[in-house]
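Heads up, the thing below is written out as structure tokens.
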Amino acid sequence: MTARNRGARARSGVRRDGWLRRQLARRPLPLWVVTAADVLVLVLALLVYALFHHVLPRDEEAAGVVSRRAAAPVVAATQAPESMSGPEASAEPRAADPVGVFAQRFADKFTGGEIIADSEGYQSPSLNIRFQTVTEPELVYYVADIYMRDIECFRTVFAKDDFGRGRYEWLTDMSARLGGVMAVNGDYYGGRADGIVIRNGELYRKKAPIRDVCVIYWDGVMEIISPSEWNTESVMAKGAYQGWNFGPNLLDDGGNALSYFDSEVAGRNPRTAIGYFEPGHYCLVVVDGRSKKSRGATLEKLSEIMAGLGCARAYNLDGGQTSSMVVGNKVVSNPYHGGRKCSDGIVIVDR
Amino acid sequence: MLRKVTPHAVIIIAAMYFVFFFIDRVNSIMNFINNGMTKGLLFALCVLAIYNAVLLIRENRARERQRQRALEQRRRAASQKPGAPRPDRTVAHKS
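The listed protein sequences correspond, in order, to chains V and B. For what it's worth, the working numbering labels the leading residue of the first sequence as 1, then goes sequentially. For what it's worth, the working numbering labels the leading residue of the second sequence as 352, then goes sequentially.
Set out below in structure tokens:
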């Protein structure tokens with residue numbers, strides 16, 4: 001269009017607008033414009049929602065209740081795993097061992113002073129860990145069988161060392177900060193606002209749980225409590241040391257596998273689970289998933305795995321892309337899409 | 352303006368809820384349904400839905416009144432026309 005033509009059109013008052021401008025000038029607006037605008041606003045609204053729900057860090061006040069090891073009672077011999085037999089089956093610590101110390105119970109598991117670390121395990125005066133990689137058709141999982149001299153070898157850590165929502169950090173970094181021998185992801189407490197969070201003897205969050213809660217006490221006993229039976233005061237009074245709120249519980253009272261789980265995440269997925277044999281003896285299991293080599297485990301399969309390992313109790317932690325196992329400063333599992341930063345971890349330290 | 356925007360707001364919030372329900376089916380642990388923000392959205396949805404419904408009812412009633420008035424005017428006009436049968440009178444059929 002020449003300048004002369006434009007001048008003539010301006011003088012005559014005739015405007016030649018683009019197609020879009022003409023569409024927008026119509027009253028009422030064309031249906032497709034209205035629909036597109038609504039969809040656009042919907043997408044923006046979802047992004048803003050996700051930003052506030054999931055991304056932006058938010059501080060949370062810790063509940064401030066602390067359970068002290070010195071005051072912690074022995075939970076009870078009634079917690080003895082029924083599925084186990086023999087001298088190790090008793091959950092009652094021997095008289096010579098103070099609460100949370102298992103030196104005599106597992107005296108033959110620890111070294112006199114040296115540290116032996118290789119790809120198969122880690123042995124020191126305080127720890128004995130055996131690593132095992134199990135391969136089945138379309139399933140690969142990693143087992144760390146852990147004996148500890150002292151319950152404080154079992155540590156948990158928050159991302160960025162700070163309690164609150166929306167804080168995420170690589171598990172390798174969290175483990176390195178504590179000087180961990182190995183680590184797995186926790187229950188991803190930072191992705192939601194509900195439930196129970198107990199870490200290293202302190203109660204951080206005490207909102208009524210809607211899922212099973214797993215608690216490890218100062219004396220090393222692990223208990224899985226259903227939401228209907230949950231009582232925060234009583235659990236803290238019993239000396240809760242660690243507590244996660246994800247689940248579900250994977251075994252029945254006799255340590256047998258469960259055949260049905262009423263869960264939306266029951267399909268084949270990467271998994272992380274914690275198993276309990278007796279005080280001071282635990283296992284951490286990570287299942288690879290969503291790949292050709294390992295499609296992941298259903299909750300039923302995970303339950304079978306934990307029962308097969310001989311666990312008396314077992315509990316499902318956060319899975320999916322978060323599931324990963326770190327040994328030293330290396331990720332030994334194959335997390336989906338390389339894994340992701342998570343809000344908390346379980347770290348086994350040598351102390 | 353508000354009258355024009357609220358139906359779209361209802362559609363958008365309802366569609367957000369569809370997304371939340373879907374995610375909740377896949378991964379309920381993330382708690383997309385039962386958190387403070389979603390409850391706030393549900394409250395907004397309720398308020399907007401009631402506002403829209405009230406507007407719609409009011410418009411429907413106004414339209415109905417208008418229709419009745421037009422009908423009445425037509426009847427009156429028809430009855431005032433000379434020689435025209437009164438619309439409300441029943442004409443007996445003679446054999």
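All C-beta atoms in this analysis are idealised placements derived from N, C-alpha and C, irrespective of residue type, glycine included.
In or out: residue i buried (at least 16 other Cβ within 10 Å) or exposed?
i: aspartate 161 of chain V; result: exposed
i: lysine 355 of chain B; result: exposed
i: threonine 156 of chain V; result: buried
i: tryptophan 244 of chain V; result: buried
i: serine 175 of chain V; result: buried
i: methionine 388 of chain B; result: exposed
i: glutamine 123 of chain V; result: buried
i: proline 270 of chain V; result: buried
i: aspartate 17 of chain V; result: exposed
i: methionine 352 of chain B; result: exposed
i: cysteine 397 of chain B; result: exposed
i: arginine 26 of chain V; result: exposed
i: aspartate 212 of chain V; result: buried
i: leucine 20 of chain V; result: exposed
Identify the contact partners of residue i in chain V, using a Cβ-Cβ distance below 9 Å as the criterion.
i: asparagine 386 of chain B; result: His53, Arg192, Ala193 and Asp194
Can you list the residues of chain V that residue i reaches, using a CB-CB cut of under 7 Å?
i: alanine 366 of chain B; result: Leu42
i: methionine 381 of chain B; result: Gly191 and Arg192
i: isoleucine 363 of chain B; result: Asp38, Val41, Leu42 and Ala45
Can you pull the chain B neighbours of residue i, defined as C-beta to C-beta under 8 Å?
i: leucine 46 of chain V; result: Met367 and Val370
i: tyrosine 122 of chain V; result: The premise fails here: tyrosine 122 of chain V is roughly 32 Å from chain B at the closest Cβ pair, so nothing lies under 8 Å.
i: tyrosine 336 of chain V; result: Under the 8 Å cutoff, chain B gives no residues; its nearest Cβ is about 14 Å from tyrosine 336 of chain V.
Check the Cβ of residue i against every Cβ in chain V and list those closer than 8 Å, keeping chain order.
i: isoleucine 374 of chain B; result: What isoleucine 374 of chain B touches in chain V: nothing, since even the nearest Cβ is about 10 Å away.
What would DSSP say about residue i, mapped onto helix, strand or coil?
i: valine 332 of chain V; result: coil
i: valine 41 of chain V; result: helix
i: threonine 111 of chain V; result: coil
i: alanine 62 of chain V; result: coil
i: lysine 206 of chain V; result: strand
i: valine 99 of chain V; result: coil
i: arginine 376 of chain B; result: helix
i: isoleucine 384 of chain B; result: coil
i: glutamine 419 of chain B; result: helix
i: glutamate 138 of chain V; result: coil
i: glycine 179 of chain V; result: coil
i: glutamine 242 of chain V; result: strand
i: valine 215 of chain V; result: strand
i: glycine 256 of chain V; result: Glycine is not the amino acid found at residue 256 of chain V; the sequence shown has asparagine there. Asparagine 256 of chain V: coil per DSSP, three-state reduction.
i: glycine 320 of chain V; result: helix
i: arginine 426 of chain B; result: helix
i: aspartate 150 of chain V; result: strand
i: alanine 413 of chain B; result: helix
Any idea which residues DSSP pairs residue i with across the strands?
i: asparagine 249 of chain V; result: V:Tyr315
i: aspartate 262 of chain V; result: DSSP output for aspartate 262 of chain V lists no bridge partner at all.
i: aspartate 145 of chain V; result: V:Arg130 and V:Cys283
i: glycine 121 of chain V; result: V:Asp118 and V:Arg130
i: cysteine 342 of chain V; result: V:Glu169
i: methionine 325 of chain V; result: V:Val184
What in chain B is Cβ-close to residue i, meaning under 7 Å?
i: tyrosine 315 of chain V; result: Chain B residues near tyrosine 315 of chain V: none, gap ~14 Å exceeds 7 Å.
i: tyrosine 204 of chain V; result: Within 7 Å Cβ-Cβ: nothing; tyrosine 204 of chain V doesn't reach chain B, min ~17 Å.
i: tyrosine 217 of chain V; result: Here the premise fails: no neighbours, minimum Cβ distance about 25 Å.
Just to make sure I have the definition right: I need the residues of chain B whose C-beta is within less than 9 Å of the C-beta of residue i. Which are they?
i: tyrosine 359 of chain V; result: Past the boundaries of the shown model lies residue 359 of chain V; chain V is included only from 1 to 351, so the question cannot be answered.
i: tyrosine 276 of chain V; result: The contacting residues do not exist; tyrosine 276 of chain V stays about 22 Å from chain B at best.
key: Near-chain B residues of the stretch 233-260 of chain V - C-beta to any C-beta below 7 Å   = Residues passing the 7 Å Cβ filter: Phe246.
message = Under 8 Å, CB to CB, which of the residues in the stretch 15-38 of chain V have a partner in chain B?
response = Answer set for the stretch 15-38 of chain V: Val34, Ala37 and Asp38.
inquiry  = What are the residues in the stretch 135-168 of chain V lying within 9 Å of chain B by C-beta distance?
reply    = Of all residues in the stretch 135-168 of chain V, none has a C-beta nearer than 9 Å to a C-beta of chain B.
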